[in-house]
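A.B. asks: The structure's right below; bear with me while I get my questions together.
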Amino acid sequence: MATESYEAAIKGLNDLLSKKTDLGNVAAEKIKVLTQELKELDSSNNDAVERIKSGFTHFKTEKYLKNDALFSDLAKGQSPKFLVFACSDSRVCPSHILNFQPGEAFVVRNIANMVPPFDQKRHSGVGAAVEYAVVHLKVENIVVIGHSCCGGIKGLMSIEDDAAPTQSDFIENWVKIGAPARNKIKEENQDLSYDDQCNMCEKEAVNVSLGNLLSYPFVRAAVVKNTLAIRGAHYNFVKGTFDLWELDFKTTPAYAFS
Amino acid sequence: MILLPPRLSIPNNCDKVKDFEKAQLRIPSSFRRKAANLQTMASGKTPGLTQEANDFTSGENNTDDVFDDMKQRFLAFKKLNYMDNLEHFKKLADAQAPKFLVIACADSRVCPSAVLGFQPGEAFTVRNIANLVPSYESGPTETKAALQFSVNTLEVENILVVGHSRCGGIQALMSMEDEGDSRSFIRNWVIVGKKAKESTKAVASNLHFDHQCQHCEKTSINHSLERLLGYPWIEEKVRNGSLSLHGGYYDFVNCTFEKWTVDYEGSRGGKKEGSGIAVKNRSVW
Chain A
-4 MATESYEAAI KGLNDLLSKK TDLGNVAAEK IKVLTQELKE LDSSNNDAVE
46 RIKSGFTHFK TEKYLKNDAL FSDLAKGQSP KFLVFACSDS RVCPSHILNF
96 QPGEAFVVRN IANMVPPFDQ KRHSGVGAAV EYAVVHLKVE NIVVIGHSCC
146 GGIKGLMSIE DDAAPTQSDF IENWVKIGAP ARNKIKEENQ DLSYDDQCNM
196 CEKEAVNVSL GNLLSYPFVR AAVVKNTLAI RGAHYNFVKG TFDLWELDFK
246 TTPAYAFS
Chain B
170 MILLPPRLSI PNNCDKVKDF EKAQLRIPSS FRRKAANLQT MASGKTPGLT
220 QEANDFTSGE NNTDDVFDDM KQRFLAFKKL NYMDNLEHFK KLADAQAPKF
270 LVIACADSRV CPSAVLGFQP GEAFTVRNIA NLVPSYESGP TETKAALQFS
320 VNTLEVENIL VVGHSRCGGI QALMSMEDEG DSRSFIRNWV IVGKKAKEST
370 KAVASNLHFD HQCQHCEKTS INHSLERLLG YPWIEEKVRN GSLSLHGGYY
420 DFVNCTFEKW TVDYEGSRGG KKEGSGIAVK NRSVW
């Protein structure tokens, strides 16, 4: 589809070539290369669409149509037992690693699988997901899953200690939620290599998120009532391992001194 | 051509449990040791926050079952997918090079990996309530961070915003009062989709509420796509052709998937009715 900018560019080229006719061959060669590049661009776009289409067709024939009862129940409503926080990293989808089927897990994915503390203005996105899952869907478990080679955690660890805040760096502003983890690792594990520090920070940042979950009153209430369990996890895809641990928070019956 | 690893087949539960039990007898001792380690790690300590497995009260037996179940799931993934594709996972361990950024809803029924068959390494995925993209000027930072990383660092070639039927978030948006309880997180978030609600009410207020919601679900995708173009680094890449924006709508009642692509040149050409962007290559599967 011809557009104004294209028309203007062609006109400019024609004007030039009418003045310098010996450039005609050079121009022809370059235009051939450009045409080929544009063809490839268009076909890679089509490849992407074909990829999604074949994925959906496979899902429809192998899963949806073979599990009629399940999917017609799901069409009416969902009652997942899990709320899962996972990183947006393309390598760590919880449906793969933990084989979650449709309907089993309400999943929030963001950079470095962070749960920020309660803040209705700045962090309404995560807050909305936690509120919906805990209060409306009444999930029984929250799992925050960290992972190896996390770019977000690497970003967190490489923030300079005394750097002035950079408004334009959104990634930095987001991963700073994990700052307590970074500070702890830098203090207690100075002797470790940068990579080892990052690895420890991946797990410690999960703990920060678990603590932040308790800043949501509805989460705290459910945990105290024992209707909600909170776990942290770490998926290491270099070694093929999965670690799981629990946040334990409860009040014991009062002990009377008398 | 990308060599796709074999898909993790998700079989009927009963059969697989039997197979897995049989399979356990054949697992070599080295693997059994690893499995034992996983058990220890699962109940092991991590700085300051865990208790010994023995201390669990009887009331928590259910959660133990659930987490035993998780362990079995992970071991199945490891055996059936990871170990068979070690080469592929080693490469992934070094770096990821996904071609897609997918923005989908957190709803348990619409995982893009399941519905669209994305394998590890293919799609950088953001999931939030109602698959909303806030505007560049005034959104929470979590989405912006993901857009910055996926587009500028990973250099994905496609962004796909996927909406779906019976979306609770959109329903909340459509049913909330204009002057409601502003202490609710859900309200503070779904209000990002306010424009979609207004445009739905303008054209579809005579329809049944469920149909209004469906209209809003689709309109909201287009509004999110429009807001994506408000991010300077995204607009630049769309303009020079290295990034394409797509919308998708998954209807799990009828099992159809509708997909369309943003026509950037057409969008700049003139204001289109409703959402402000022009689309092309619409198809339904």
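Line by line, the protein sequences are chains A and B.
Position 82, counted from 1, in the first sequence is what the working numbering calls 77; the numbers after and before it change by one each time, with no gaps.
Position 215, counted from 1, in the second sequence is what the working numbering calls 384; the numbers after and before it change by one each time, with no gaps.
Ideal Cβ placement from N, Cα and C applies to all residues, glycine included.
Note that the coordinates shown come from a computational prediction; the quantities given were computed from them, not determined experimentally.
(1) Hey, out of S393(B), S413(B), E367(B), whose CA is closest to D347(B)'s CA?
(2) Measure the beta-carbon distance from V110(A) to V139(A) and round it to whole angstroms, keeping in mind my assumption that it falls under 8 Å.
(3) Count the CB pairs spanning the segment 259 to 269 of chain B and the segment 287 to 295 of chain B that are closer than 8 Å, and state whether there are at least three.
(4) Whole angstroms is fine: what's the gap from V134(A)'s alpha carbon to I225(A)'s?
(5) By the 10 Å Cβ neighbour count, where 16 or more other Cβ atoms means buried, how is K449(B) classified, buried or exposed?
(6) Restricting to Cα atoms, I'd like to know which of S304(B), S334(B), H392(B) is closest to L381(B).
(7) Of all the residues that make up the segment 338 to 360 of chain B, which are near chain A by a beta-carbon distance shorter than 9 Å?
(8) When burial is assigned at 16 or more other CB atoms within 10 Å of the CB, is S351(B) buried or exposed?
(9) When the cut-off is 7 Å and only beta carbons count, does V431(B) lie next to chain A?
(10) Which chain B residues sit within Cβ distance under 8 Å of T52(A)?
(11) L329(B) bridges to which residues according to DSSP?
(12) Note down, in chain order, every chain A residue with its Cβ under 7 Å from the Cβ of D237(B).
(13) With burial defined as no fewer than 16 other Cβ atoms inside 10 Å of the residue's Cβ, what is the status of E105(A): buried or exposed?
(14) According to a CB-to-CB cut-off of less than 9 Å, which residues of the segment 11 to 22 of chain A neighbour chain B?
(15) Roughly how many angstroms separate the alpha carbons of N108(A) and A275(B), rounded to a whole number?
(16) With DSSP collapsed to three states, give me the class of I225(A).
(17) DSSP three-state call for S83(A): helix, strand or coil?
(18) My guess is that S85(A) and P267(B) are in contact by the Cβ rule of under 8 Å, so how many angstroms apart are they, rounded?
(19) R451(B) CB to nearest chain A CB: under 7 Å?
(20) Are the Cβ atoms of V361(B) and P303(B) separated by less than 7 Å?
(21) Could you tell me the distance, in whole angstroms, from the CA atom of N409(B) to the CA atom of E395(B)?
(22) What's the gap between the Cα of F426(B) and the Cα of E326(B)?
(23) What did DSSP end up calling G141(A) once you bin it into helix, strand or coil?
(24) Three-state secondary structure (DSSP) at N300(B)?
(25) In or out: R451(B) buried (at least 16 other Cβ within 10 Å) or exposed?
(26) Quick one: what does DSSP say Y189(A) is sitting in, helix, strand or coil?
(27) Checking contacts by CB at 7 Å: is E183(A) closer than that to chain B?
(28) Is it a yes or a no for the segment 213 to 229 of chain A touching the segment 237 to 248 of chain A, going by three-plus beta-carbon pairs under 8 Å?
(29) Let me know the secondary structure DSSP gives K449(B) once reduced to three states.
(30) Does E427(B) come out as helix, strand or coil in the three-state DSSP assignment?
(31) Indicate whether V359(B) and L342(B) have their beta-carbon atoms separated by less than 7 Å.
(32) Within 10 angstroms of the Cβ of S253(A), are there 16 or more other Cβ atoms? Answer buried if so, exposed if not.
(33) Measure from the C-beta of K55(A) to each C-beta in chain B and report whether the shortest distance is under 7 Å.
(34) So V422(B) contacts chain A; which residues on that side make the cut at Cβ distance below 7 Å?
(35) Nearest to T222(A) by alpha carbon, out of V129(A), N178(A), S83(A), Q115(A)?
(36) Using a Cβ-Cβ cut-off of 7 Å, state whether K247(B) counts as contacting chain A.
C.D. replies: To lay it out plainly:
(1) E367(B)
(2) 6 Å
(3) yes
(4) 11 Å
(5) exposed
(6) Before going further, note that residue 381(B) is Gln rather than Leu in the sequence given. Cα-wise, what sits closest to Q381(B) is S334(B).
(7) G338, A341, S351, R352, S353, F354, I355, R356, N357, W358, V359, I360
(8) exposed
(9) no
(10) W454
(11) V271(B), H415(B)
(12) In chain order: nothing, as chain A lies at least about 11 Å away.
(13) According to the sequence provided, residue 105(A) is Asn. The question's Glu does not apply to it. When all chains shown are included, N105(A) counts as buried.
(14) none
(15) 13 Å
(16) strand
(17) coil
(18) 4 Å
(19) no
(20) yes
(21) 17 Å
(22) 21 Å
(23) strand
(24) helix
(25) exposed
(26) helix
(27) no
(28) yes
(29) strand
(30) strand
(31) yes
(32) exposed
(33) yes
(34) A70
(35) V129(A)
(36) yes
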